[in-house]
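Enquirer: Residue numbers (my numbering): 73 to 154. What follows is a single structure, and I will ask about it in a moment.
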Amino acid sequence: MAKAIFKEGFILELPKSFTKKMSLKKGDWLVVKLLSGKEVVLEKPKKDYWEETFAWGKDFAKERRLKPKDVIEAVKAIRSGK
Numbered sequence: 073m074a075k076a077i078f079k080e081g082f083i084l085e086l087p088k089s090f091t092k093k094m095s096l097k098k099g100d101w102l103v104v105k106l107l108s109g110k111e112v113v114l115e116k117p118k119k120d121y122w123e124e125t126f127a128w129g130k131d132f133a134k135e136r137r138l139k140p141k142d143v144i145e146a147v148k149a150i151r152s153g154k
């Protein structure tokens, strides 16, 4: 088990033994989950994780009544640095 003191802008560095066991390499995606408001769990996503991600995005947009054009405009603004 590793310990660290959290601060804003903190970068989480996993011990080499963890990354080796999980077959992680630089740039890999991790799913972050909060359990009972006290524990953070990192999971290596399955290859089909994109389907789960897109499903979440669709639900998020629906809850906030976002239209596809709103999402496209927001993406363009972010990419342009505005």
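Just so you know, even glycine gets a beta-carbon here, dropped at the ideal spot from N, CA and C.
Is the distance from the Cβ of Glu115 to the Cβ of Leu96 below 8 Å?
Expert: Taking the sequence shown and counting its residues from 1, one reaches residue 115 at position 43. Taking the sequence shown and counting its residues from 1, one reaches residue 96 at position 24. Not a contact, by the Cβ cut-off of 8 Å.
Enquirer: Could you spell out where the beta strand (DSSP E) holding Lys105 opens and where it closes?
Expert: Within the sequence shown, the letter at position 33 stands for residue 105. Taken as a continuous stretch (DSSP letters only), the beta strand (DSSP E) holding Lys105 covers Val103 to Leu107.
Enquirer: Considering only their Cβ atoms, is the gap separating Val143 from Ala133 smaller than 8 Å?
Expert: As a position in the sequence shown, residue 133 is number 61, starting the count at 1. As a position in the sequence shown, residue 143 is number 71, starting the count at 1. Their beta carbons are under 8 Å apart, which means Ala133 touches Val143 by this criterion.
Enquirer: Going by DSSP in three states, Glu135 sits in which element: helix, strand or coil?
Expert: By one-based count along the sequence shown, residue 135 stands at place 63. Of the three classes helix, strand and coil, the one that applies to Glu135 here is helix, per DSSP.
Enquirer: Indicate the three-state DSSP secondary structure (helix, strand or coil) for Glu111 in the structure shown.
Expert: Position 39 of the sequence shown, counted from the start, is the residue given in the question as residue 111. Strand at Glu111.
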